[in-house]
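In our numbering, the protein residues as written are 613 to 740.
Note that the Cβ used here is the ideal one computed from N, Cα and C, for glycine as well.
This structure is a prediction, so every number in the text was calculated from the model and none was measured.
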């Protein structure tokens, strides 16, 4: 079983890249995976655009499943990460947009859309 713990910061070498992420050989000899979504805070189209075989990287251990698979994140150590919203203890959703917010957004969009359609119809009627 691995001596690593979730949350630990580790260093390792990129040993291969795949369309879904990069495999990292850790100093402990174990291999972990950095999923493409955990490589950078910005959009990564191709793993090879960010990581090359042989590169040495630092990553945070996200999880270790019972079979020993190690999930890593380079993004979690990035200093340019946007700050997380402070959660209001009274807000059970933790600052996330919920169904009520979505409905409000849709109502605003519908109103705006109807106003634009009416303005367009009036302009077309005027030009006839």
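- DSSP places residue 635 inside the beta strand (DSSP E), whose first and last residues are 633–638.
- C-alpha of residue 724 to C-alpha of residue 715: approximately 14 Å in a straight line.
- For residue 689, the closest of 679, 681 and 669 by C-alpha to C-alpha distance is 669.
- Per DSSP, reduced to three states, the secondary structure at residue 731 is helical.
- By the C-beta density criterion, residue 629 is buried, having at least 16 other C-beta atoms within 10 angstroms.
- Spatial neighbours of residue 667 in its own chain (CB-CB distance under 6 Å, excluding positions within 5 residues in sequence) are listed in chain order as 626.
- Shown here, residue 672 sits in a strand according to DSSP, grouped into three states.
- In this chain, the beta strand (DSSP E) harbouring residue 627 covers 621–630.
- Nearest C-alpha to residue 664 among 631, 683, 672 and 640: 631.
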